[in-house]
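Input: a single structure, listed below in structure tokens.
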Amino acid sequence: GAGVSQSPSNKVTEKGKDVELRCDPISGHTALYWYRQRLGQGLEFLIYFQGNSAPDKSGLPSDRFSAERTGESVSTLTIQRTQQEDSAVYLCASSRTRLETQYFGPGTRLLVL
Amino acid sequence: AQTVTQSQPEMSVQEAETVTLSCTYDTSESDYYLFWYKQPPSRQMILVIRQEAYKQQNATENRFSVNFQKAAKSFSLKISDSQLGDAAMYFCAYRSGAASGTYKYIFGTGTRLKVLA
């Protein structure tokens, strides 16, 4: 596609529910990244995919967070048993190779009530 | 560990004037990349400019230029002839070079730029 797309754009959920956030990277980009941006803060790295494998999961804040990527394309970030502290914008980025510039999607704004 | 610091939470500039946004970083690496990203209210992060640490020449992109001082670990962004559309959050980011084996960006906390008509 022309750019990185993410869905949904906004998500409101109740504490304790599970949520799935989707990222469609730019076609042909082998590297994919998830970041979290809390209100008024910079971006925190969550996880990096090279192809369908995740060599760097160091940023995942707890075992409630998981992500997968299939077909070297779409990626899903899943947050189980959501907490209010999970409220943030979740941004996805992709790059043609791991060494090239990352291009970002518009993010999913998650609000946990 | 690498860190990125943006000490100006907010800046204002008059339309058509020039403004400089500051960024400092800390690293023990010699091979790395630095970036400035713009984030308008739409949330879309847009790459403004990129600098390779091994290049002495400062990067420029139209009205945007950087002052890269490697020894001082400083990477400021200059916006000339500011336009209303430049109003946004600006983030400075660091990425290690290929030898490090890490590929994530480390971001500063951002500077909100207001452009006054």
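These protein sequence lines map, in sequence, to chains U and W. Numbering of the first sequence is given in the numbering used here, commencing with residue 1 and proceeding in unit increments. Numbering of the second sequence is given in the numbering used here, commencing with residue 1001 and proceeding in unit increments. Positions of the beta carbon are idealized from the N, C-alpha and C atoms, including for glycine. Predicted, not measured: the structure shown is a model, and the values here were computed from it.
- Closest in alpha carbon position to Gly-40(U), among Val-1013(W), Thr-1027(W) and Gln-1006(W), is Gln-1006(W).
- DSSP places Ala-1098(W) within a helical segment (H, G or I) once states are collapsed to three.
- Closer than 7 Å at the C-beta level to chain U, one finds no residue of the region 1003-1022 of chain W.
- Counting the other CB atoms within 10 Å of its CB gives Gly-3(U) a total below 16, which places it among the exposed residues.
- Put simply, the CB of Lys-1104(W) is near chain U, with a gap under 9 Å to one of its CB atoms.
- For the pair Ser-1080(W) and Ser-1022(W), the CB atoms are not nearer than the 9 Å cut-off.
- A distance of 9 Å or more separates the beta carbons of Thr-1024(W) and Lys-1078(W).
- Near chain U, meaning a CB-to-CB distance below 8 Å, no residue of the region 1072-1089 of chain W qualifies.
- Judged by DSSP secondary structure, Ala-54(U) falls within the beta strand (DSSP E) whose first and last residues are 53-56.
- Within 10 angstroms of the beta-carbon of Pro-1040(W) lie fewer than 16 other beta-carbons, which makes it exposed.
- By the C-beta criterion, the region 67-80 of chain U is judged to be in contact with the region 17-35 of chain U, since at least 3 inter-stretch pairs fall below 8 Å.
- Note that the region 1041-1051 of chain W does not touch the region 44-52 of chain U; fewer than 3 beta-carbon pairs, one per stretch, sit closer than 8 Å.
- Looking only at Lys-1114(W), Thr-1027(W) and Glu-1010(W), the smallest Cα-Cα distance to Ala-1071(W) is reached by Thr-1027(W).
- The CB of Thr-1109(W) comes closer than 7 Å to the CB of Gln-41 and Gly-42 in chain U, given here in chain order.
- Among the CB atoms of chain U, one or more fall inside 9 Å of the CB of Arg-1043(W).
- If you draw a straight line from the Cα of Val-12(U) to the Cα of Glu-20(U), it comes to about 12 Å.
- In the three-state scheme derived from DSSP, where H, G and I count as helix and E and B as strand, Leu-39(U) is classed as coil.
- The region 105-112 of chain U makes no contact with the region 1081-1097 of chain W; the number of CB pairs closer than 8 Å stays below 3.
- Using a Cβ-Cβ cut-off of 9 Å, Asp-56(U) counts as an interface residue toward chain W, since at least one Cβ of chain W sits closer than that to its own.
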